[in-house]
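Quick mapping for you: the protein sequence lines, in order, are chains A, B, C, D, E, F, G and H. So in the working numbering the end of the first sequence lands on 271, straight run, no missing numbers. So in the working numbering the end of the second sequence lands on 271, straight run, no missing numbers. So in the working numbering the end of the third sequence lands on 271, straight run, no missing numbers. So in the working numbering the end of the fourth sequence lands on 271, straight run, no missing numbers. So in the working numbering the end of the fifth sequence lands on 74, straight run, no missing numbers. So in the working numbering the end of the sixth sequence lands on 74, straight run, no missing numbers. So in the working numbering the end of the seventh sequence lands on 74, straight run, no missing numbers. So in the working numbering the end of the eighth sequence lands on 74, straight run, no missing numbers. Heads up, the thing below is written out as structure tokens.
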Amino acid sequence: MEIAGRTFRSRLVLGTGGFRNLGVMAEAARESGAELATVAMRRVDPTARGSILEVIEGAGLEVLPNTAGCYTARDAVTTARLAREALGTDWVKLEVIGDDHTLLPDPAELLDAAETLVADGFTVLPYTNDDPILARRLEDVGCAAVMPLGSPIGSGMGLLNTYNLRLIVERANVPVILDAGVGTASDAALALELGCDAVLCASAISRAEDPAGMARAIRLGVEAGRLAQRAGRIPKRLYAQASTPEEGRAEF
Amino acid sequence: MEIAGRTFRSRLVLGTGGFRNLGVMAEAARESGAELATVAMRRVDPTARGSILEVIEGAGLEVLPNTAGCYTARDAVTTARLAREALGTDWVKLEVIGDDHTLLPDPAELLDAAETLVADGFTVLPYTNDDPILARRLEDVGCAAVMPLGSPIGSGMGLLNTYNLRLIVERANVPVILDAGVGTASDAALALELGCDAVLCASAISRAEDPAGMARAIRLGVEAGRLAQRAGRIPKRLYAQASTPEEGRAEF
Amino acid sequence: MEIAGRTFRSRLVLGTGGFRNLGVMAEAARESGAELATVAMRRVDPTARGSILEVIEGAGLEVLPNTAGCYTARDAVTTARLAREALGTDWVKLEVIGDDHTLLPDPAELLDAAETLVADGFTVLPYTNDDPILARRLEDVGCAAVMPLGSPIGSGMGLLNTYNLRLIVERANVPVILDAGVGTASDAALALELGCDAVLCASAISRAEDPAGMARAIRLGVEAGRLAQRAGRIPKRLYAQASTPEEGRAEF
Amino acid sequence: MEIAGRTFRSRLVLGTGGFRNLGVMAEAARESGAELATVAMRRVDPTARGSILEVIEGAGLEVLPNTAGCYTARDAVTTARLAREALGTDWVKLEVIGDDHTLLPDPAELLDAAETLVADGFTVLPYTNDDPILARRLEDVGCAAVMPLGSPIGSGMGLLNTYNLRLIVERANVPVILDAGVGTASDAALALELGCDAVLCASAISRAEDPAGMARAIRLGVEAGRLAQRAGRIPKRLYAQASTPEEGRAEF
Amino acid sequence: MTVVTLNGAEKELPEGATVEAAVRAAGAPEHGRGVAVAVDGEVLPRGEWATTEIQEGQKVEVLHAVQGGQ
Amino acid sequence: MTVVTLNGAEKELPEGATVEAAVRAAGAPEHGRGVAVAVDGEVLPRGEWATTEIQEGQKVEVLHAVQGGQ
Amino acid sequence: MTVVTLNGAEKELPEGATVEAAVRAAGAPEHGRGVAVAVDGEVLPRGEWATTEIQEGQKVEVLHAVQGGQ
Amino acid sequence: MTVVTLNGAEKELPEGATVEAAVRAAGAPEHGRGVAVAVDGEVLPRGEWATTEIQEGQKVEVLHAVQGGQ
């Protein structure tokens, strides 16, 4: 998969929220095969122990900063610039949340922030809802990918509106990364089968009983879905189709 | 997975119906990682070229005869006995079809045939509908596994009634092998996530544009679903759950 | 709707289970517009007050005895005969349950009981699962209608497998009455839209907060679904279809 | 139902697009029981025969102008003002379309147009997607109701994302009118059961084989759904709940 | 005395008691509308209640219609 | 003559023609109920039709209500 | 000659022909691996092919494994 | 003393303290890798920390990367 000219072998991006501790995260990161892991920007905590950057890089992943927790374009833009300064990357997973109950994106603020950050030289990967029109507008203002949700962050409800996701995939000229809602491996496989280029998972892995096991499960689900999408599935048929020849049946 | 005391590494069983030719079948068989491949019994065809037995065994799989095309318990029983004589195995995938439009099983005839074959020393794997009561009755008469459908043979509609499948899994004391209806990798993953022990696929693989590719995809889907089922997925939640700490958010 | 030569104006049959008291039942019965109400056969209870028969007939409905609680063909047949003797009707809603956890019908026992009762001159309306083959067999042995479930009794999950229900309707030559699973008015409307001839509701009405209100709601849902089914709905389309002419658009 | 201080008896709004002719429309309008019917603004056509206004008013409905066909806030605002001038109403059903393939609304342009028209004294009823955040923003700028879609205009796919619709209903302080996507009566009933205050239908009625019949069906579906929503449906249960007492069962 | 199982419970009835007596003993309403009887699993038509003597040890089920169903 | 774009088409109107004339030229019904006019994108209230002269090259849109919507 | 129904078709076999001959006549591969025979609906074990004579009018089905299933 | 709002809390810093001092005061790791600073909502490049004096009443946010997201 190629995003903004960079090639990735893995089609799974790891969200680091929700892990019990850095050790569990590191193990899951390795099992996931992911090449990118999100981080959020927060105030320095003198009491904090262990550096998430070292753990992520130690596991062979690169850091992808996000703007989690921002409710306005202005805050998101400032946060992205701080992340660039702190982490030396101009890639940002852009989040501008509309309310803290659903954590759904605010369409207008998101579009506004995306436009500003693109103009400022960022490689912008926006977390968006499943509206095909908004996805198109985000692409139009220069986003390097679009990251529609399957269902709300952490809900694990899977892909609520596969019709909209199909439309987004059908008309996108940038990679489509399903973000939020994946609860288990079959959700991830389905996303790839619909034509999504990749999946981002946080809670599905970090909050599973066995995060490393689920990381591996979702990694395989992503590979399975991608292979299936390329292998050309059979059409759905209303009636059965015998898989055994009628001809040559015995008569006893 | 253990069936009738035998252990299998693979949780995918290959149906051999629908392949363009034996070469394509052999390649898909290898990619699938399956250990069992179904065959049907038909009249000897002097003009036939190539032996399916050699191809299946050459690819390292064992033959599992079925009773495809039988509409009565009597025909199914005779066919199973001929298969035992011809192939030297007392395992049989029992099919007793109720009509050639839906290829759905005939509950009463199926139960009757299963009882007779068990008494005759067969290891019986019955293709059944998704009725939990019938599944229980089949287990009661001594079937070594139950093989409920997800949707009609060759329809590729996936798992139409996950509720019934859950009930079957919940109460079965023998392996549950999802048979029929799988159209793509995510269907197979879902079946394992629901608690099915394995999946049988024929058309989904044999009639895909790229059978070998789909064989590999479904194999990975099965592994993904099994791992996910064991890793303990997160519960579905109606509302979002932040995967990023509120604490430490900046105020600009 | 015609069943066994009798014409009914209403396409809603009332199940009387679950009502708080006979007064609530009577009011709901009137609001439902139903012409038939089921009753079960139980041991005489000297302490019981009020006669359900008088209440049902007082509300202008006829009694339809069922064999609720029977687990074998033998018990169901005896219960049907007692009902005929007690109530002077040879109509029976036949229930033969497979287990008390799901209350799903036992296919083999059901078919057996149906055959016996038809031979004994009963007008048999069997509660069956959603298996099209079993529905066909029940019709073949002479049942006057088939009563497939949408989902388990009292579950309110609606119609879990509309595909099977379509198949049943498509091939039935007797009325198809959806029995069990309806939770609300839209479920009833959907059943009629799928081509079912009628719906039977008990819990959805009797256990609603306002039974009389829900009785009226489901009655209207049934009428709406029937009208819609006859009015010829528009096909589902993947893409939008403008309902406003392009022609004559202004250019400002 | 009350919108902007006006009370309506009917919870069904009629869209006039797609009718074969004004006669068919008039009959459907009467059968629908609707009190409002949408009209679009187009260039005067000298050859046109019959006045839609007379037909709508003759059937006892009021005209509700829309801005169908507008792709920008500017065009929508001008169209609304022309409609006000032509029809003497400051109510407008606001449509700002994002593309002519899906006819989905453009979030940013829609919000912008809504704000302008509210400031200009209009009673604005915006056609929006199913995004709860956008619905909230539209309410915040002073819209008198929100009109989320169930699925694209004319698609008849029903309610694709009931989860989002629930969220919109849960948090709205203005009436929620489901607009677009309804294909048949059960869709309309479901919308009301979810808590929507009303439904707008055009194609489902106008393009049905029997528009008047479908108008009546959907009218009843709306009434049924509303009654059911108020009657307090039973919860969905995973397992069956007997509707017949165990106690007093006979033992033969 | 004749001992029978009446609706699942041991019951003593006078020597030579008829099914009709058993029905009354079971507490069925006088006119007995909507009531039916099975003796040892066989339905006994109402017309024969008065003339049928109950035998020692028989299983008598006296049923009537109640709220129920589906 | 004054040349305007009337409902998307070139149209010649007599020198000093008013918007009212343009409306008639567009084929609007006499009483003109349900009709509205925009000149160069601005709505012109009916009251001003008779007194407003059309200028060369103006874009005049004369609209009325038709079946439509959603 | 003995006339039998072999895999659904009339077939003449020499007087006293055995099932083995019928199997060959049906076109089964020499070694006959993966082949089974039913005579009038009853399975005939391979061991008895050579010693079992076919009777006039019998129905002989000679089957082998083919691609199929599910 | 200079009073500023450092990561949301009132903080007294010595007259003429630089942003670098503020960063240390906030408890950032010495090498300070992965840390960034905004003064009154504007990002201040690391290169300018040592040379930029903090003014009375400024709002200083010192951030670093943490587990998070999505």
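Beta carbons are placed, not taken as given, at the ideal position from N, Cα and C, and that holds for glycine.
### Query
Under 7 Å, do D/Ala154 and A/Ala127 count as touching if we go by C-beta distance?
Taking the fourth sequence and counting its residues from 1, one reaches residue 154 of chain D at position 135. Taking the first sequence and counting its residues from 1, one reaches residue 127 of chain A at position 108. Result no, Cβ atoms of D/Ala154 and A/Ala127 do not sit closer than 7 Å.
### Message
Tell me the rounded alpha-carbon separation between A/His120 and B/Ala259.
### Response
The count along the first sequence starts at 1 and reaches residue 120 of chain A at position 101. The count along the second sequence starts at 1 and reaches residue 259 of chain B at position 240. Distance between the alpha carbons of A/His120 and B/Ala259 is about 6 Å.
### Query
Between C/Glu242 and the rest of its own chain, which residues show a CB-CB distance below 6 Å, the 5 nearest in sequence each way excluded?
Locating residue 242 of chain C in the third sequence gives position 223, where the first residue counts as 1. Excluding residues within five positions, none has a Cβ falling inside 6 Å.
### Task
Sort H/His68, H/Asp44, H/Glu60, H/Gln71 by Cα distance to H/Glu19 and report the nearest one.
If you number the eighth sequence from 1, residue 19 of chain H lands on position 15. It is H/Glu60 whose Cα lies nearest to the Cα of H/Glu19.
#### Entry: Straight-line gap, D/Asp64 to C/Glu265 (C-alpha atoms, nearest Å)
Translated into positions along the fourth sequence, residue 64 of chain D becomes position 45. Translated into positions along the third sequence, residue 265 of chain C becomes position 246. The alpha-carbon atoms of D/Asp64 and C/Glu265 are separated by roughly 13 Å.
### Query
Do you know how far the Cα of G/Arg37 is from the Cα of B/Glu104?
Locating residue 104 of chain B in the second sequence gives position 85, where the first residue counts as 1. Locating residue 37 of chain G in the seventh sequence gives position 33, where the first residue counts as 1. The alpha-carbon atoms of B/Glu104 and G/Arg37 are separated by roughly 10 Å.
### Task
Taking only beta carbons into account, state which residues of the stretch 149–162 of chain B come closer than 9 Å to chain C, listed in chain order.
Asp149, Asp150, Pro151, Ile152, Leu153, Arg155, Arg156
### Query
Quick one: does B/Leu179 have its CB under 7 Å from some CB of chain C?
As a first step, residue 179 of chain B must be located in the second sequence, where it is residue number 160. Cβ-Cβ to chain C under 7 Å: yes for B/Leu179.
### Task
Please determine if the stretch 7–26 of chain H and the stretch 45–60 of chain G are in contact, where contact requires at least 3 C-beta pairs separated by less than 8 Å.
no
### Proximal chain A residues relative to B/Arg185, where beta-carbon distance stays under 8 Å
If you number the second sequence from 1, residue 185 of chain B lands on position 166. None at all; the shortest Cβ gap to chain A is about 14 Å.
### Message
Distance cutoff 7 Å, beta carbons only. Does D/Ala105 sit that close to anything in chain F?
### Response
Residue mapping note: residue 105 of chain D aligns to position 86 of the fourth sequence, counting from 1. Cβ-Cβ to chain F under 7 Å: yes for D/Ala105.
### Query
Looking only at C-alpha atoms, which of A/Leu239, A/Ile224, A/Leu55, A/Ala261 sits nearest to A/Asn40?
Numbered from 1 along the first sequence, position 21 holds the residue referred to as residue 40 of chain A. Nearest option by C-alpha distance: A/Ile224.
### Message
Please report whether the beta-carbon of A/Asp125 lies at a distance below 7 Å from any beta-carbon of chain D.
### Response
As a position in the first sequence, residue 125 of chain A is number 106, starting the count at 1. So yes, A/Asp125 belongs to the interface.
### Message
If contacts are defined as beta-carbon pairs under 8 Å, then D/Lys255 and C/Gly202 qualify, I think. What distance do you get, rounded to the angstrom?
### Response
By 1-based counting over the fourth sequence, the position of residue 255 of chain D is 236. By 1-based counting over the third sequence, the position of residue 202 of chain C is 183. D/Lys255 to C/Gly202, Cβ: 6 Å. Contact.
### Task
Under 8 Å between beta-carbons, which chain D residues line up against C/Met4? List them in chain order, please.
No answer is possible for residue 4 of chain C: it lies beyond the span of chain C, which begins at 20 and ends at 271.
### Message
For a cutoff of 7 Å on Cβ pairs, would you count D/Phe271 as touching chain E?
### Response
Residue mapping note: residue 271 of chain D aligns to position 252 of the fourth sequence, counting from 1. By this cut-off, D/Phe271 is an interface position.
### Query
What are the uninterrupted segments assigned as alpha helix (DSSP H) that are 4 or more residues long and contained completely in the stretch 33–103 of chain B, given in chain order?
41–51, 71–77
### Pairwise C-alpha distance: E/Leu48 and D/Arg268
Within the fourth sequence, numbered from 1, the residue matching residue 268 of chain D stands at position 249. Within the fifth sequence, numbered from 1, the residue matching residue 48 of chain E stands at position 44. The alpha-carbon atoms of D/Arg268 and E/Leu48 are separated by roughly 18 Å.
### Span of the beta strand (DSSP E), counted from its first residue to its last, around C/Pro145
Start at 1 with the first residue of the third sequence, and residue 145 of chain C comes out as number 126. C/Pro145 -> beta strand (DSSP E) spans 142–147.
#### Entry: Exposed unless 16 or more other CB atoms sit within 10 angstroms - verdict on D/Val96
What you label residue 96 of chain D is simply residue 77 of the fourth sequence in a count that begins at 1. Buried: at least 16 other Cβ atoms inside 10 Å.
#### Entry: Those residues which DSSP pairs with D/Leu157 across a bridge
As a position in the fourth sequence, residue 157 of chain D is number 138, starting the count at 1. The partner list for D/Leu157 (beta bridge, DSSP) is empty, contrary to what the question assumes.
### Message
According to DSSP, simplified to helix, strand and coil, what is B/Arg268?
### Response
Taking the first residue of the second sequence as 1, we reach residue 268 of chain B at position 249. Here B/Arg268 sits in coil by DSSP.
#### Entry: Beta carbon of G/Ala32 nearer than 7 Å to that of G/Val23
The residue labelled residue 32 of chain G in the question sits at position 28 within the seventh sequence. The residue labelled residue 23 of chain G in the question sits at position 19 within the seventh sequence. No. Outside cutoff.
### Query
Since G/Glu24 meets chain A, which of its residues come closer than 9 Å, beta carbon to beta carbon?
For this step, residue 24 of chain G is matched to residue 20 along the seventh sequence. By Cβ distance, chain A contributes nothing, its closest Cβ being about 19 Å from G/Glu24, past 9 Å.
### Task
Consider the Cβ of C/Gly267: report whether some Cβ of chain D lies at a distance smaller than 7 Å.
By 1-based counting over the third sequence, the position of residue 267 of chain C is 248. Yes, C/Gly267 lies at the interface with chain D (some Cβ there is under 7 Å from its Cβ).
### Message
Within 7 Å of any Cβ in chain G, is that where the Cβ of B/Gly169 sits?
### Response
Looking up residue 169 of chain B in the second sequence gives position 150. No - not a single Cβ of chain G is within 7 Å of the one on B/Gly169.
### Message
Within the continuous alpha helix (DSSP H) that includes A/Leu209, where are the two ends?
### Response
The residue given as residue 209 of chain A occupies position 190 in the first sequence. Looking at the DSSP string, the run of the alpha helix (DSSP H) that includes A/Leu209 is 204–212.
### Task
Hey, could you find the ends of the beta strand (DSSP E) B/Leu123 is sitting in?
Here residue 123 of chain B refers to the residue found at position 104 of the second sequence. Where B/Leu123 is concerned, there is no enclosing beta strand (DSSP E), given that its DSSP letter is neither H nor E.
### Query
Between B/Val115 and B/Thr86, which are expected to be in contact by the criterion C-beta below 8 Å, what is the C-beta distance as a whole number of angstroms?
For the purposes of this step, residue 115 of chain B is identified with residue 96 of the second sequence, where counting begins at 1. For the purposes of this step, residue 86 of chain B is identified with residue 67 of the second sequence, where counting begins at 1. Indeed they touch by this definition, with Cβ atoms about 7 Å apart.
### Task
Enumerate in chain order the residues of its own chain whose CB-to-CB distance from C/Ser70 is below 6 Å, with the five nearest sequence positions on each side excluded.
Looking up residue 70 of chain C in the third sequence gives position 51. Hits under 6 Å: none found.
### Task
Please state whether DSSP places H/Arg50 in a helix, a strand or coil.
Along the eighth sequence, read from residue 1 onward, the residue named residue 50 of chain H stands at position 46. The answer is helix: DSSP assigns H/Arg50 an H, G or I state.
### Residues of the stretch 30–59 of chain H with Cβ closer than 7 Å to any Cβ of chain I, in chain order
The chain inventory of the structure shown lacks chain I, comprising the protein chains A, B, C, D, E, F, G and H.
### Message
Against chain D, does E/Leu67 count as a neighbour if the rule is that its beta carbon must be under 7 Å from one of theirs?
### Response
Indexing the fifth sequence from 1 puts residue 67 of chain E at position 63. Yes, because at least one Cβ of chain D sits closer than 7 Å to the Cβ of E/Leu67.
### Message
For a cutoff of 7 Å on Cβ pairs, would you count E/Gln75 as touching chain C?
### Response
With chain E covering 5 to 74 only, the question about residue 75 of chain E has no answer from this structure.
### Message
Contact criterion: CB-CB distance below 7 Å. Does H/Val70 meet it with respect to chain A?
### Response
Translated into positions along the eighth sequence, residue 70 of chain H becomes position 66. True, the Cβ-Cβ gap to chain A drops below 7 Å.
### Query
The beta strand (DSSP E) spanning E/Thr9 covers which residue range?
Position 5 of the fifth sequence, counted from the start, is the residue given in the question as residue 9 of chain E. 6–10 is the span of the beta strand (DSSP E), which, as asked, contains E/Thr9.
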